[in-house]
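One structure below.
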Amino acid sequence: MESSAIKNLFNKKSGSQPLLDQLALRFKHYQKELYMSNDMLFSLTYMASISTANLTRDKIFTSISDKKEYCPSKYFNLIKELAQHWHYDYSNACELISTKVTHERMRELLNRLSNAIAAGEPDSEFLTKEWKLFKTKRKDEFERDLETTKEWSNAYTALLVSTSLVAIIILLSVILYNIGDPADTLYSTMFIIFFMAFFGVGLLFKASPKDSKVHSLSIKSQEQVYIYKWAPLSITLAVMAVILLTVIPAFIGSTDFFIDIKGVGMVLAGVILMPVGMTANKDIDKINKRDECFTTFIRSLGSIVSGSGLTVPKALLKIDPKNLGELKDMSQELYKKLASGLDPALCWGRFVGETGSYLIYKLTSVFVDAVNLGGNAEVVGELVSSSNLELVLLRMKRERIAKGFSSLVIPLHVAMVALLLFIGQILTIFSTIISSLFTQFDISGSELEGIPGGMGGMNLGIFGGVPIELLGQFVVIVTIILTLANIFAIVAVKGGPMYLAIYYGMFMFTLSGILMIIVPPLVKMAFSFDGVLDSLAGGV
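One point on numbering: in the working numbering, the residue at position 58 of the sequence shown is 68, and numbering is uninterrupted.
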């Protein structure tokens, strides 16, 4: 009966869903599982907070089951179903559900909860101790992930150099050793470089701590409203600029301008991304400041409510605005709405949404629900602020690593792209000169041996077998691959929403485009072989 009961609970909502819907649900479930560690901390903070109101065990499990924004809530809901509708003991229900949980930390938590209930330990004491224990474990897990990320970021920089050198070596090899079809060799190399670069990016995403900075609510901050409104158009226009002005001219040729139009396409893409990119960076900066200020805000609010016995709206007025920083205006707006008699749930929802913060979204309801249920506001404020501060400090450590990584990758990207363009232009110049020489003097490779001045020993015929257009195509595609890979690598190490890639894309595309514009002409000016051609013409 126990097995069938659990099976019915797990399969209650399953049915003959279309395959695409099932895949979408599985993907959504996978995304939630990535943030299980954070959600477990939030869930324990919530349960420890509401337990200060001396609630019954039924009420505690019912309350946490209703918090759908926390991934563990589904497991607590199953326990509640078994206990309240199937008349299981909570200890047995926790033990049974733990057998169906795949996440190791969650399974261990349910087993310890089962043992504590069976031993008769008070819920409030167990939940507070478990919250402290898990907070320590989460900190250790986050720091270990940071160390792994740091090691992989160092490995990625080495991989970036290796990838660029592979591109250059293959490019030289195709010129020096005329074996097989050059087009097949270079196109295969493009695929290998793409795989190597994004394999490194994938490892960075996998190794980095799983932590979100922005919420997914419909109400968003002003910056996020702007980003979600204009980002699709900006990305579309940037992609079109790169395709129309960079990729297509590289493959079908372009009209001669006073500057390289392929570089113009990259620069234009960076300029198009600039408004949204700057807004994205501004949004993240504000969210970081709001998260820091939230610690003071929620602790002060709890202390004032508990110490003076004031209601939450009146307590908001007592908080020193100088300590609220980025939350100052928002807290004042919250007070005005609450004091006007509007629905508190809607007021707090608007407050949370406009902050744009993931942490504030997850933790605000902990304080509000616990106080509404009669919990100790001061204790709840300490619990919430402590959880928030822990994650804020861990993010600061991550930010330090990300700054070091980005300050290394961006100059390295400039150096590698410049070197690639330099080698490509040198080979293009040599190929052009030798092809012109063969055409002008109507000579073959065997006739080069008779050229005076020892030129016959230079094996000049090696430069005549690769089309110049193919060299340009290879350089352009590899530059785009390296640009995209480095953008996502920085985002993987830094963390945060994917729209932050627009901010780094703005810099990377602009820098790559500027290099594509200035490097080839500089190389052409520095390496002029007009005198050599005149000497060859005079000798022949």
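Each residue gets a CB set at the ideal place from its N, CA and C atoms; glycine is no exception.
So what does DSSP say about residue i, is it helix, strand or coil?
i	result
S228	coil
S417	helix
S367	strand
N291	helix
W579	The structure shown does not extend to residue 579, since the chain is modelled only from 11 to 550, so the question has no answer here.
C81	coil
D68	helix
S108	helix
L337	helix
G212	helix
E131	coil
H423	helix
G351	coil
S222	coil
I433	helix
F537	coil
M200	helix
L383	coil
M206	helix
I269	coil
P531	helix
G1	One cannot answer for residue 1 here, as it falls past the ends of the chain, which runs 11 to 550.
G482	helix
Y56	helix
Y345	helix
G263	coil
M31	Per the sequence shown, residue 31 should be read as Asp rather than Met. It is helical.
Y509	coil
P477	coil
D191	coil
D49	helix
On the criterion of 16 or more Cβ atoms from any shown chain inside 10 Å, does residue i qualify as buried, or is it exposed?
i	result
F377	buried
P219	buried
H95	exposed
Q234	buried
S318	exposed
V249	exposed
Y100	buried
R309	buried
Y238	exposed
P28	exposed
M535	exposed
N164	exposed
H97	exposed
P259	buried
N398	buried
K504	buried
M116	buried
A63	buried
S83	buried
Which same chain residues end up closer than 7 Å to residue i when comparing Cβ atoms and leaving out the 5 residues on each side of it in sequence?
i	result
F152	P219 and L404
T256	K272, G275, M276 and V486
I70	M57, I60, S61 and D133
S522	M276, V427, T489 and T493
L344	L326, C357 and F361
E560	A question about residue 560 goes unanswered here, because the residues of the chain that appear run from 11 up to 550.
L437	L181, I185 and L481
M518	H423, T493, N496 and I497
Only counting the same chain, and skipping five residues up and downstream in sequence, which positions put a Cβ closer than 6 Å to that of residue i?
i	result
V281	none
V252	G275 and A279
Y371	H225 and V362
L9	Nothing can be reported for residue 9, as the shown portion of the chain is limited to 11 through 550.
I127	Y100 and S101
Is the Cβ of residue i closer than 7 Å to any Cβ of chain B?
i	result
L123	Given the protein chain composition of this structure (a single chain), no chain B is represented.
Compute every distance between the C-beta of residue i and the non-hydrogen atoms of the ligand PLP, then say whether any falls below 6 Å.
i	result
E161	Only the bare structure without any ligand can be found here, which leaves the ligand PLP out of the picture.
Check your understanding: At a cut of 8 Å, does the region 280-292 reach the region 356-373 through at least three beta carbon pairs?
Key -> no
Review point. Unbroken alpha helix (DSSP H) runs of length 4 or more, entirely within the region 278-330: which are they?
Key: 322-328
Review point. Three or more C-beta pairs closer than 8 Å, one from the region 431-447 and one from the region 520-538: is that the case here?
Key: yes
Check your understanding: At which residue ranges does the region 140-165 contain complete alpha helix (DSSP H) runs of 4 or more residues, listed in the order of the chain?
Key -> none
Check your understanding: For the region 418-425 against the region 82-98, are there 3 or more C-beta pairs whose distance is under 8 Å?
Key -> no
Practice item. Would you check if there are 3 or more beta carbon pairs closer than 8 Å linking the region 98-112 to the region 143-157? Key: no
Practice item. May I ask you to verify whether the region 331-343 touches the region 296-306, counting CB pairs closer than 8 Å and requiring at least 3? Key: yes
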